[in-house]
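Colleague: In the numbering used here, the protein residues as written are 19 to 300. Where a beta carbon is used, it is the ideal one built from N, C-alpha and C, also for glycine. Can you read through this structure? Questions will come right after.
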Amino acid sequence: MTELGATALADTAEAATSFIDLEKYAIDRRDTPQYKQLIEHCREQMIRQGACVLKGFVKEEIVQEMVVEATKMAPTAFHNTVTGNAYLIEIDESWPQDDPRRMTDTTSLGAIAYDQMPETSLVRRLYEWDGLMDFLADALGKEKIFRYADPMGALNVAVMKDGDYLRWHFDQTDFVTTILLQSSQKGGAYEFVPMIRSGENPNYDHVKRVLKGSNEGVVTLEIEPGSLVLFEGRNSLHRVTRIEGEQLRLIALLGYDTKPGTLSSDYLRKMRYGRSEPVTSN
Ligand SMILES: O=C(O)CCC(=O)C(=O)O
Ligand SMILES: [Fe+2]
């Protein structure tokens, strides 16, 4: 057992193994039946509901330390309020008046960018550990995945305070990996409509009903601090309900892609971090 504090911080990236509850999740024993079972469970969940939650994936004491780090960094988060549609694209005036792509809502949240996190931070060490990446590739049924190459967007901690809200949207990536560090006292629920659309069927009528407030098909994902969540957000409409109370909702968003070298656009960087150039040292 690695002790926390100075000892853990002095360790190499390899030691990120010790951040995981390996008794529950055999990610260090890839040749075992337990590992195969875990992978099957993840794949089955992804196919069935487009999401997989691994509760207690990160050990409690590590999560606590990650919260301490994120709370310290939280005042440096860039906070932004942006109004737009669920498709994260610009509105085209040629669309019909009742098209759900015309319906807008407002997102308010803060983000701590990758380049704001010290190299020694636990969340960064976990993200930079290949063991996690290789496991995620297996769990998602992909031959290989790569960390995002973006100096700001590869890893984020989203900071949501009282009144913040992440509006209904579809992601523009195939999958998202998150680790919840801290929940808010009230609100902050992750709601989604599994596979509401597909490449062939945009299902605009159902999408429109949800955007207007219907709870048809809406599921709340049960996540706790330390849960690892794999999520297929391209076809599952999702949101985070409005935060209530003084306690920050803190969640790490780990960026991967099936191709190497993925960068965020300038537009996205400005919107999320308030700048387009990375800081040069940390
Ligand atoms: O904060 C979350 O739980 C989800 C974040 C999300 O959906 C996103 O960043 O696209
Ligand atoms: Fe999303």
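#1: Ordered along the chain, which non-local residues of its own chain (more than five positions away) have a Cβ less than 8 Å from that of arginine 133?
#2: Do three or more CB pairs link the stretch 191–203 to the stretch 107–126 at distances below 8 Å?
#3: Compute the Euclidean distance between the alpha carbons of phenylalanine 188 and glycine 217, then round it to the nearest angstrom.
#4: Which term fits glycine 181, buried or exposed, when burial requires 16 or more other beta carbons within 10 angstroms of its beta carbon?
#5: With a threshold of 8 Å (Cβ to nearest heavy atom), would glycine 194 be considered close to ligand 2?
#6: State buried or exposed for threonine 25, treating a residue as buried only when at least 16 other CB atoms are found within 10 Å of its CB.
#7: What beta strand (DSSP E) runs, 3 residues minimum, are completely inside the stretch 51–124?
#8: Considering only residues of the stretch 180–245, which uninterrupted beta strand (DSSP E) runs meet the minimum length of 3 residues and lie entirely inside it, listed in chain order?
#9: Can glutamine 245 and proline 212 be called in contact, C-beta distance under 9 Å?
#10: According to the neighbour-count rule (16 or more other Cβ atoms, all chains shown, within 10 Å of its Cβ), is serine 202 buried or exposed?
#11: Tell me the rounded alpha-carbon separation between valine 177 and phenylalanine 153.
#12: If we ignore side chains and look at the alpha-carbon of each, how far apart do threonine 50 and isoleucine 163 end up?
#13: Since methionine 289 is in the beta strand (DSSP E), which residue starts that stretch and which ends it?
#14: Exposed or buried, tyrosine 291, counting other C-beta atoms within 10 Å across all chains shown (16 or more means buried)?
#15: Quick one: what's leucine 255 bridged to in DSSP?
#16: Taking 8 Å as the cut-off, does the stretch 95–112 touch the stretch 122–131 (at least 3 CB pairs, one atom from each stretch)?
#17: Roughly how many angstroms separate the alpha carbons of lysine 288 and glycine 102, rounded to a whole number?
#18: So, are the CB atoms of alanine 88 and valine 225 less than 9 Å apart?
#19: Does glycine 128 come out as helix, strand or coil in the three-state DSSP assignment?
#20: Is any non-hydrogen atom of ligand 4 found closer than 8 Å to the C-beta of isoleucine 214, if you look at the structure I gave you?
#21: Heavy atom of ligand 2 less than 8 Å from the Cβ of glycine 251, yes or no?
#22: Let's test the definition: count the other Cβ atoms within 10 Å of the Cβ of glycine 279 and tell me whether it reaches 16, buried, or not, exposed.
#23: Can you tell me where the beta strand (DSSP E) with arginine 340 in it begins and where it stops?
#24: In this structure, does DSSP put aspartate 133 in helix, strand or coil?
#25: Decide yes or no for the touch test of the stretch 261–279 against the stretch 137–156: beta carbon pairs closer than 8 Å, at least 3 of them.
#26: What is the C-beta distance between arginine 185 and threonine 124, in whole angstroms, given that I count them as a contact (C-beta under 8 Å)?
#27: Which of the three DSSP states, helix, strand or coil, is assigned to tyrosine 274?
#28: Kindly indicate which three-state DSSP category arginine 260 falls into: helix, strand or coil?
#29: Nearest-angstrom Cα distance between glycine 23 and leucine 40?
#30: Flag leucine 173 as yes when its Cβ comes closer than 8 Å to any non-hydrogen atom of ligand 2, and as no otherwise.
Modeller: Taking the definition as stated:
#1: Taking the first residue of the sequence shown as position 1, residue 133 is located at position 115. Note that residue 133 is aspartate in the sequence shown here, rather than arginine. Contacts found: Pro169, Met170, Pro296, Val297 and Asn300.
#2: Taking a contact to require three or more Cβ pairs closer than 8 Å, the stretch 191–203 and the stretch 107–126 do not qualify as touching.
#3: Along the sequence shown, one-based indexing puts residue 188 at 170. Along the sequence shown, one-based indexing puts residue 217 at 199. C-alpha of phenylalanine 188 to C-alpha of glycine 217: approximately 13 Å in a straight line.
#4: Indexing the sequence shown from 1 puts residue 181 at position 163. Exposed.
#5: Walking along the sequence shown from the start, residue 194 turns up at place 176. Looking at the sequence shown, residue 194 is not glycine but valine. Correct: valine 194 has its Cβ closer than 8 Å to ligand 2.
#6: Within the sequence shown, numbered from 1, the residue matching residue 25 stands at position 7. Low confidence applies here, because threonine 25 scores a pLDDT of 45, under 50, leaving its location unreliable; read the following figure in that light. Threonine 25 should be labelled exposed.
#7: With a minimum length of 3 residues, the continuous beta strand (DSSP E) runs that stay inside the stretch 51–124 are 69–72 and 96–103.
#8: Taking only runs of at least 3 residues, the beta strand (DSSP E) segments lying wholly in the stretch 180–245 are 184–187, 194–200, 208–211 and 237–239.
#9: Reading the sequence shown from its first residue, position 227 is the one you call residue 245. Reading the sequence shown from its first residue, position 194 is the one you call residue 212. For the record, residue 245 in the displayed sequence is serine; it is not glutamine. Not in contact: serine 245 and proline 212 (Cβ atoms no closer than 9 Å).
#10: If you number the sequence shown from 1, residue 202 lands on position 184. Buried: at least 16 other Cβ atoms inside 10 Å.
#11: Looking up residue 177 in the sequence shown gives position 159. Looking up residue 153 in the sequence shown gives position 135. Straight through space, the alpha carbons of phenylalanine 153 and valine 177 are spaced by roughly 26 Å.
#12: By 1-based counting over the sequence shown, the position of residue 50 is 32. By 1-based counting over the sequence shown, the position of residue 163 is 145. Between threonine 50 and isoleucine 163, the C-alpha separation is close to 22 Å.
#13: For the purposes of this step, residue 289 is taken as residue 271 along the sequence shown, with counting starting at 1. Counting along the chain, methionine 289 sits inside no beta strand (DSSP E); it lies in the alpha helix (DSSP H) bounded by residues 284–291.
#14: Working through the sequence shown from its first residue, we reach residue 291 at position 273. Tyrosine 291 comes out buried.
#15: Working through the sequence shown from its first residue, we reach residue 255 at position 237. DSSP lists Val211 as partners of leucine 255.
#16: By the Cβ test, the stretch 122–131 is in contact with the stretch 95–112, since at least three Cβ pairs between them sit closer than 8 Å.
#17: On the sequence shown, residue 288 is found 270 positions in, with the first residue counted as 1. On the sequence shown, residue 102 is found 84 positions in, with the first residue counted as 1. Going from the Cα of lysine 288 to the Cα of glycine 102 covers about 15 Å.
#18: By one-based count along the sequence shown, residue 88 stands at place 70. By one-based count along the sequence shown, residue 225 stands at place 207. For alanine 88 and valine 225, no; Cβs fall outside 9 Å.
#19: Taking the sequence shown and counting its residues from 1, the one referred to as residue 128 is at position 110. Of the three classes helix, strand and coil, the one that applies to glycine 128 here is strand, per DSSP.
#20: Among the ligands in the structure shown, ligand 4 does not appear; only ligand 1 and ligand 2 can be found there.
#21: Numbered from its first residue, the sequence shown carries residue 251 at position 233. Yes.
#22: Position 261 of the sequence shown holds residue 279. Glycine 279 counts as exposed, since fewer than 16 other beta carbons sit within 10 angstroms of its beta carbon.
#23: An answer regarding residue 340 cannot be provided, because it is not within the stretch 19 to 300 covered by the chain.
#24: Your numbering for residue 133 matches position 115 in the sequence shown. Helix.
#25: Because the criterion of three Cβ pairs below 8 Å is met, the stretch 261–279 and the stretch 137–156 touch.
#26: Taking the first residue of the sequence shown as 1, we reach residue 185 at position 167. Taking the first residue of the sequence shown as 1, we reach residue 124 at position 106. About 6 Å separates the two Cβ atoms, so the contact holds.
#27: One-based indexing of the sequence shown puts residue 274 at position 256. In this structure, tyrosine 274 counts as strand in the three-state DSSP scheme.
#28: Here residue 260 refers to the residue found at position 242 when the sequence shown is read from its first residue. Coil.
#29: Here the question's residue 23 lines up with position 5 in the sequence shown. Here the question's residue 40 lines up with position 22 in the sequence shown. Reliability fails at glycine 23, whose pLDDT of 47 lies under 50, so the model's placement of it is uncertain and no value is given.
#30: Along the sequence shown, one-based indexing puts residue 173 at 155. No, since every heavy atom of ligand 2 falls outside the 8 Å radius drawn around the Cβ of leucine 173.
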